[in-house]
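The opening residue of the sequence shown carries number 1240 in our numbering; numbering runs sequentially from there.
Below is one structure, written out as structure tokens, with a few remarks after it.
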Amino acid sequence: MEAVVRAVVAIVLVVAGLASSGRVFVQLLSKAITFLLLYFSLPILTWYTVGIALPRFSRLADIVVVGFTYTVLALAIVAFLAQVVGRRLGWSCRVEAAAMLASVFQNALFLPLPIVLLLGGVVELVVAYGISFNVVTGVAVPFIAGRCGVAGKSNVSMVFRRLLAFPPFYGLLAGLATMPLSWQVWGVCGHVVALLKSVASEMTMLSFYLVGTSIGLAWPPKIDSAVCFVAAWRLLVSPLIHACLAMLFGLSGWLLKCALIESFMPPATMNLVFSEYYRLETGVVASSIALVTPLSLALVGLLAVLGW
């Protein structure tokens, strides 16, 4: 029932964003949502995932390793391909960075959770995979997106400035500091931690409003080379890499199913927050989400019908 409610809320928020796009208050509201998610939800969730959840889900190390390995491989491969393809097709830095974000960082929590619940699976697997996603996101996003606003070559001081300007990085540091005391923290104030994590999680639903406004401002969605690049990665390359990693680590049962479900997921809606924050080509992210999301759900549904 909770999964159905979440799906309905997501649809309502997207429709509300579509209906309100172009109005005067939308820009202010979008900035407020971006600020709330970037400075509250993401740091809290990153801290919780690394500092509290990781030690408690250590038995699910295989799916964490698969998620982490895939994300690191994806970062390296997509960075190379985006530069090669972008150079040939004349992409700007803002387009290239947006395409990289949308390709690498999929919707690793919101969509997989209700899908796994509806299919009778174990949601802890999705959370475990999300651990690797949050860890890599906290470090990688500022390097992908932040470089477009800086001239010249990167250096050590520039690297630190990018990290220090990215709020989830502080969540990562807090998580690493909390990790040795995870069980003590949970035992003493577990209810408070759970409430804080729940509030931060529910607030991420607001990103679906940004999906609607972004699509509405540039309707119809522009299906250009960058969007096609993202779609090809999410629907073809990502499943192939996940399947190979699953075989390598010997995943089976719901561990394997969870990895495959994650592999087909569309770009994360939080990429809209990142692209807005770093002033990237938000239309690439929004159009990619609009194109890939129904195709992703259709493919997962087909696999479920076939009994995989």
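Just so it is clear, CB atoms sit at the ideal spot from N, CA and C, and this is done for glycine as well.
On a predicted model such as this, the values are computed, not experimentally measured, just so you know.
Same chain, Cβ closer than 8 angstroms to residue i, five either side skipped, listed in chain order
i	result
Ser1535	Leu1350, Arg1473, Leu1474, Phe1503, Met1504 and Pro1505
Tyr1278	Pro1406
Met1444	Arg1245, Val1248, Ala1249, Leu1252 and Phe1349
Leu1340	Val1380, Ile1383, Ala1384, Pro1506, Asn1510, Phe1513, Ser1514, Leu1519 and Val1524
Leu1435	Ile1283 and Tyr1287
Ala1390	Here the model assigns Ala1390 a pLDDT of 44, short of 50, so the residue's position is not dependable, and the following value carries that caveat. Contacts found: none.
Ile1462	Ser1526 and Leu1530
Phe1296	Val1303, Glu1363, Val1366, Ala1367 and Ile1370
Trp1330	Ala1321, Val1324, Ala1338, Ser1464 and Ala1465
Under the three-state DSSP convention, the category residue i falls into
i	result
Pro1533	helix
Val1244	helix
Leu1257	helix
Trp1472	helix
Tyr1517	coil
Phe1307	helix
Leu1545	coil
Trp1422	helix
Ser1331	coil
Arg1295	helix
Val1427	helix
Lys1270	helix
Phe1488	coil
Leu1435	helix
Val1301	Note that residue 1301 corresponds to Asp in the displayed sequence, not to Val. Helix.
Lys1461	coil
Leu1358	coil
Arg1262	coil
Ala1404	coil
Leu1350	coil
Leu1538	helix
Val1389	Confidence at Val1389 is low in this model, with a pLDDT of 49, below 50, so its placement is unreliable and the value that follows should be read with caution. It is coil, neither helix nor strand.
Ala1313	helix
Cβ shell of residue i (< 6 angstroms), same chain only, five flanking positions each side left out
i	result
Gln1322	none
Arg1333	Cys1387, Leu1519 and Glu1520
Val1265	Ser1259 and Thr1452
Asn1346	Met1504, Pro1505 and Ala1507
Ser1527	Ala1341, Val1466, Val1469 and Pro1506
Ala1336	Ile1383, Ala1384, Cys1387 and Leu1519
Asn1373	Thr1285 and Thr1288
Ala1416	none
Leu1281	Pro1407
Residues bridged to residue i [DSSP beta-bridge criterion]
i	result
Gln1345	Pro1506
Presumed contact (8 angstroms Cβ cut-off) between residue i and residue j, rounded CB distance
i	j	result
Leu1276	Met1486	Contact doesn't hold; Cβ gap of about 36 angstroms is too wide.
Trp1304	Phe1488	The identity of residue 1304 in the sequence shown is Val, whereas the question assumes Trp. Confirmed, about 7 angstroms.
Thr1288	Val1512	About 17 angstroms; that fails the 8 angstroms criterion.
Val1469	Ala1300	No, Val1469 and Ala1300 are not in contact; Cβ-Cβ is about 30 angstroms, not under 8 angstroms.
Ile1454	Ala1529	5 angstroms
Trp1422	Val1432	Not really, about 12 angstroms apart at Cβ, beyond 8 angstroms.
Met1418	Leu1293	7 angstroms
Ser1464	Leu1328	5 angstroms
Val1539	Ile1354	6 angstroms
Gly1193	Trp1493	Residue 1193 falls outside the range modelled here, since the chain spans only 1240 to 1547, and no answer is possible.
Sequence-distant residues of the same chain with beta carbon closer than 7 angstroms to residue i, five excluded per side
i	result
Ala1543	Leu1358
Gly1376	Reading off the sequence shown, one finds Thr at residue 1376, where the question assumed Gly. Cβ within range, chain order: Phe1344 and Pro1407.
Leu1402	Pro1381 and Phe1408
Lys1392	Note on Lys1392: pLDDT 49, under 50, position unreliable in the model; the coordinate value appears next. Closer than 7 angstroms at Cβ, skipping near neighbours: no residue.
Ala1255	Tyr1448 and Gly1451
Tyr1516	Thr1273 and Leu1277
Val1548	Nothing can be reported for residue 1548: it is not among the residues displayed for the chain, which extend from 1240 to 1547.
Beta carbon proximity, residue i to chain B, threshold 7 angstroms
i	result
Ala1367	The structure shown contains no chain B; it holds only a single protein chain.
- request: Evaluate the contact criterion for the segment 1440-1454 versus the segment 1406-1423: three or more CB pairs, one atom per stretch, below 8 angstroms.
  value: no
- prompt: Do three or more CB pairs link the segment 1430-1447 to the segment 1296-1309 at distances below 8 angstroms?
  reply: no
query: Does the pairing of the segment 1492-1500 with the segment 1355-1366 give three or more beta-carbon distances under 8 angstroms?
result: yes
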